[in-house]
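Be aware that the sequence shown starts at 5, since it is given in the numbering used here, and climbs by one per residue.
Notes for the one structure printed next.
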Amino acid sequence: MEFRAAPPWVARVADRRRKAVGTHRTGAVHYQDKIKASSKIIILNLFLIFQLITVLFTWVLNDTAEHLLCSPPTCFEQAKWCYQWTSKIDDGMKILLSSFFF
5 MEFRAAPPWV
15 ARVADRRRKA
25 VGTHRTGAVH
35 YQDKIKASSK
45 IIILNLFLIF
55 QLITVLFTWV
65 LNDTAEHLLC
75 SPPTCFEQAK
85 WCYQWTSKID
95 DGMKILLSSF
105 FF
């Protein structure tokens, strides 16, 4: 029994189909490319969620500070307490953000 080689155009068509599907000649799918892309998306989503939490936290904190500053009769004591509290939170946020980015 004698085997004949396939014409060259058969190999070219098969290669084009493999490239379109995203497989190697062995048929293995490019899983590493998919994993890299999904990990980048996950990291980006976590970063955006972290940013949203920090913005909401500072917004609530500033709103609370405004209410505390404007309420009599112990306005000076509340302002003093609120300033100390917000400065501690701001320092903590700076440390948290610097550790996240560097």
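C-beta atoms are modelled at their ideal positions from N, C-alpha and C, and glycine is treated no differently.
For clarity, every value in this text was computed on a predicted model and none was experimentally measured.
Determine the DSSP secondary structure at residue i, reduced to helix, strand or coil.
i, result
"R8", "coil"
Please go through the same chain and pick out, in chain order, the residues whose beta-carbon is closer than 6 Å to the beta-carbon of residue i, but skip the five residues on each side of it.
i, result
"T120", "Because the chain is modelled from 5 through 106, residue 120 falls outside the range shown and cannot be assessed."
"K44", "none"
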